[in-house]
Structures are given as C-alpha cells and as structure tokens.
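Enquirer:
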Amino acid sequence: MPSVNSYGQNQDILCFSTASFPSYKAHSRYDSVEQTHLKGQSGLICASFEWGSWWQTIQEVFIEIPFRQIVDVKQIVCKITNSTITCGFVGQQPLLSGNLFSLIKASESTWSLHEKKHMVMCLIKASPGTCWHSLMTDNWKADPLVLDEMERNLTIQRLQIENPGMDFSSADISGNYRNGGPKFPA
Numbered sequence: 001m002p003s004v005n006s007y008g009q010n011q012d013i014l015c016f017s018t019a020s021f022p023s024y025k026a027h028s029r030y031d032s033v034e035q036t037h038l039k040g041q042s043g044l045i046c047a048s049f050e051w052g053s054w055w056q057t058i059q060e061v062f063i064e065i066p067f068r069q070i071v072d073v074k075q076i077v078c079k080i081t082n083s084t085i086t087c088g089f090v091g092q093q094p095l096l097s098g099n100l101f102s103l104i105k106a107s108e109s110t111w112s113l114h115e116k117k118h119m120v121m122c123l124i125k126a127s128p129g130t131c132w133h134s135l136m137t138d139n140w141k142a143d144p145l146v147l148d149e150m151e152r153n154l155t156i157q158r159l160q161i162e163n164p165g166m167d168f169s170s171a172d173i174s175g176n177y178r179n180g181g182p183k184f185p186a
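In our numbering, the protein residues as written are 1 to 186.
1) Can you tell me which of the three DSSP states GLU108 falls into?
2) If you count every other CB in all the chains shown that lies within 10 Å of the CB of GLY52, and 16 or more means buried, which is it?
3) List the DSSP bridge partners of THR86.
4) Is the segment 136-155 close to the segment 115-127, with three or more CB pairs under 8 Å?
5) With DSSP as the reference, label LEU113 as helix, strand or coil.
6) Since I believe CYS122 is in contact with GLU60 (beta carbons under 8 Å), could you give me their beta-carbon distance rounded to a whole number of angstroms?
7) Looking at C-alpha atoms only, which residue of VAL73, PHE101, ILE76, GLN157 is the closest neighbour of THR57?
8) Going by DSSP in three states, LEU103 sits in which element: helix, strand or coil?
9) Using 10 angstroms around the beta-carbon of SER42, count the other beta-carbons present and answer buried if the total reaches 16, otherwise exposed.
10) DSSP state of ARG29, grouped into three classes?
11) When DSSP labels each residue in this structure, what does GLU64 get in the three-state scheme?
12) Checking 8 Å against the spacing of the C-beta atoms, do LEU100 and ILE85 come in under that value?
13) Can the beta-carbon of LYS116 be found less than 8 Å from the beta-carbon of VAL77?
14) Just verifying my parser: in three-state terms, what is the DSSP assignment at MET136?
15) Compare the beta carbon distance of MET150 and ILE45 with 8 Å and say whether it is the shorter of the two.
16) What is the DSSP secondary structure of TRP161, counted as helix, strand or coil?
17) Which residue marks the beginning of the beta strand (DSSP E) containing LEU44, and which one marks its end?
18) To the nearest angstrom, how far is it from the Cα of LYS105 to the Cα of SER83?
19) Answer with buried or exposed for VAL120, where buried requires no fewer than 16 other C-beta atoms within 10 angstroms of its C-beta.
The following block contains the structure:
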C-alpha cells in the first residue's frame with residue numbers, strides 16, 4: 001500500500017533518475033551538504049513527499065525539508081535520537097516526527113539550515129549498508145520502483161568502496177542486488 005502524507009495524498013515518486021553513480025566520497029557527511037542538491041545529476045535516488053524528500057547512501061540517510069518562507073534557525077526545533085526524529089517550528093506541530101526505520105548514531109547525525117529556505121538532516125546509520133525501505137517504521141515508505149533503484153545504487157556504492165581502483169561511474173547492476181548484493185570472499 002502506498003504511503004500517504006498528512007493530507008491523505010499519495011506522495012511516493014521517483015524524483016531523480018539514475019544518470020551515473022557518484023563517488024561515495026563526494027557525498028561524505030564532512031562535505032558541504034549543498035552538494036547533495038546535485039542528487040539529480042549524480043544518480044542518487046530520493047523518495048519525495050509533500051513535506052520534502054529523503055534519500056540514502058551506504059552510511060547515511062538525508063532528509064530535506066524546503067520551506068515556503070525565509071526561516072531563521074532560531075525558529076526551528078529539531079531533536080534527533082538513536083531511534084526517533086522530531087523537527088518543526090517552535091510552538092507548532094512537528095513537520096516530521098516518528099520512529100526511524102532503523103537505528104542511527106544520533107551523536108554523529110546533524111541538521112542544518114541552508115539559505116534560510118530549506119533544512120537538511122544527515123542521519124548516520126548505525127548499521128551501514130542497510131537499505132532503508134521507509135524513513136519511519138510506519139510512514140514515508142519509498143515506492144517499490146524507488147526502493148529498487150535505491151538498492152541498486154547502494155550495491156554499486158558498496159562495490160565501489162570494496163574496489164577503490166575500479167570505476168563504477170557508468171555501471172548498471174542486475175541480478176542479485178537485494179540486501180547489498182552478493183558477498184564475495186575476502
């Protein structure tokens with residue numbers, strides 16, 4: 001069953017195509033989060049909803065929430081724990097709140113406000129390599145086609161990390177790519 005937003009509308013869509021796989025290092029949490037806006041050109045796949053979108057890499061889950069008006073950082077409330085997130089505006093109902101699909105490392109996760117127009121959260125997965133099927137345990141599920149592309153990309157990312165001398169920039173994968181793809185002997 002497709003996920004619906006708080007307005008009762010189905011919002012699962014593929015917002016970007018997989019042009020090519022980016023270098024994993026280009027999307028490290030230590031780089032500018034602004035680079036993540038290149039996700040459409042880099043091949044990252046995101047699940048979009050009325051409140052914003054989320055996407056993932058091997059080690060991280062990113063959440064982007066655009067705002068309709070200019071926002072000051074003091075207006076935002078964001079609480080990140082190992083199993084939950086809550087974010088929104090001071091004195092209002094949260095824009096996004098709930099139990100995460102899987103555990104994260106809250107102490108290493110961050111959020112930031114960019115150009116006073118959108119908030120980006122970078123959640124560090126407690127179990128790197130795990131493909132999240134939804135953002136929350138009970139909501140914001142990726143459409144099956146989006147999830148399939150996410151799993152493909154995570155498998156290619158894993159292969160790139162395990163084989164740094166090889167170029168996977170134009171790789172396409174088929175066959176056994178579920179749950180991170182085949183495991184090869186070390």
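The beta carbon of each residue, even a glycine, is placed where N, CA and C say it ideally should be.
Bear in mind that the values here come from a model prediction, so they are computed numbers and not experimental data.
Expert: According to the structure data:
1) helix
2) Buried, because 16 or more other Cβ atoms sit within 10 Å of the Cβ of GLY52.
3) Partner(s): LYS79, SER97.
4) Counting C-beta pairs closer than 8 Å gives fewer than three between the segment 136-155 and the segment 115-127, which falls short of the contact rule.
5) strand
6) 6 Å
7) GLN157
8) Secondary structure at LEU103: coil, using DSSP grouped into helix, strand and coil.
9) With a pLDDT of 49 at SER42, under the threshold of 50, the predicted position of this residue should be treated as unreliable, though the coordinate-derived value follows. Result: buried.
10) With a pLDDT of only 36 at ARG29, under the threshold of 50, the placement of this residue in the model should not be trusted; the figure read from the coordinates follows. Coil, per DSSP.
11) If DSSP states are grouped into helix, strand and coil, GLU64 belongs with the strands.
12) yes
13) no
14) strand
15) yes
16) What sits at residue 161 in the sequence shown is Ile, not Trp. Correct three-state label for ILE161: helix.
17) Note, LEU44: premise wrong, no beta strand (DSSP E); not H, not E.
18) Each residue's Cα considered, the two are about 9 Å apart.
19) buried
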